[in-house]
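Single-structure report; data block below.
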């Protein structure tokens, strides 16, 4: 007669046994909390989501769009991770044209090809184009007003603060790599201190950065 021993649940903490119990009310696909510097990518956005996401960005990005773009793409919608955003932004900075324009096209192309690129760039420029045309007409009549000049001076200061915040968030992940951090510092010194032209700096430092990254990964 074949008898089986009664089933006993493994005791947590007992050597040689594994506690496979799942805590109640814990979802199976729970993820680690967001640490504020790098975010795991979520589901791919639809074409509609790309259009309205960049439409909202275009309506709220006063002076500096890149910090708000990172917040919208990485922190809010989680379309890509923080590291992917940094890589994509680096590519966009190397290409001719505005960084935010290149970024919207590249992100749209990544998810939905030319349709996604078209939706992203149309959403980005629709509202600002209408506002700029209207304000440009008004500005022609009031450009010599001291209050208007003070207003634009304040906007310039706010834009500078946004760019500094953006630079900090982009540079923060590089602290983990001495090589990439060194390349970033070298680029800053070349452009800001030595006044080397941007194109020449990118042509020299980009191959060095790619080679250094490849060597580290080996």
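In UniProt numbering, the protein residues as written are 1 to 218. For each residue, glycine too, the CB sits at the ideal point set by N, CA and C. This structure is a prediction, so every number in the text was calculated from the model and none was measured.
When burial is assigned at 16 or more other CB atoms within 10 Å of the CB, is residue i buried or exposed?
i           : result
residue 25  : With a pLDDT of only 45 at residue 25, under the threshold of 50, the placement of this residue in the model should not be trusted; the figure read from the coordinates follows. Counting Cβ neighbours within 10 Å, residue 25 comes out exposed, since fewer than 16 surround it.
residue 202 : buried
residue 137 : exposed
residue 146 : exposed
residue 217 : exposed
residue 76  : exposed
Which value, in whole angstroms, describes the spacing of the CA atoms of residue i and residue j?
i           : j           : result
residue 132 : residue 98  : 17 Å
residue 47  : residue 92  : 21 Å
residue 191 : residue 198 : 6 Å
residue 60  : residue 71  : 12 Å
residue 172 : residue 82  : 10 Å
residue 160 : residue 89  : 18 Å
residue 223 : residue 189 : The requested residue 223 is not part of the displayed model; the chain covers only 1 to 218.
residue 141 : residue 128 : 20 Å
residue 115 : residue 57  : 19 Å
residue 205 : residue 183 : 7 Å
residue 34  : residue 175 : Residue confidence for residue 34 is low, a pLDDT of 44 falling below 50, so the modelled location carries little weight; the figure read from the coordinates is stated next. Their Cα atoms are separated by approximately 18 Å.
residue 186 : residue 108 : 31 Å
Check for me: the alpha helix (DSSP H) holding residue i runs from which residue to which?
i           : result
residue 75  : Element bounds for residue 75: n/a, residue is neither H nor E.
residue 207 : 198-217
residue 53  : 47-60
residue 224 : Outside the displayed range of the chain (1 to 218) lies residue 224, so it cannot be described from this structure.
residue 68  : 65-70
At a cut-off of 7 Å, would you count residue i as near the ligand SAH, judging by its Cβ distance to the nearest heavy atom?
i          : result
residue 46 : As far as ligands go, the structure on display features none, and thus does not contain the ligand SAH.
Is it the case that the Cβ atoms of residue i and residue j are separated by a distance below 8 Å?
i          : j           : result
residue 95 : residue 69  : no
residue 45 : residue 165 : no
residue 54 : residue 151 : no
residue 51 : residue 119 : yes
task = Can you check the region 139-182 for any alpha helix (DSSP H) of at least 4 residues that lies completely inside it and give the ranges in chain order?
result = The region 139-182 contains, as complete alpha helix (DSSP H) runs of 4+ residues, the segments 146-171 (chain order).
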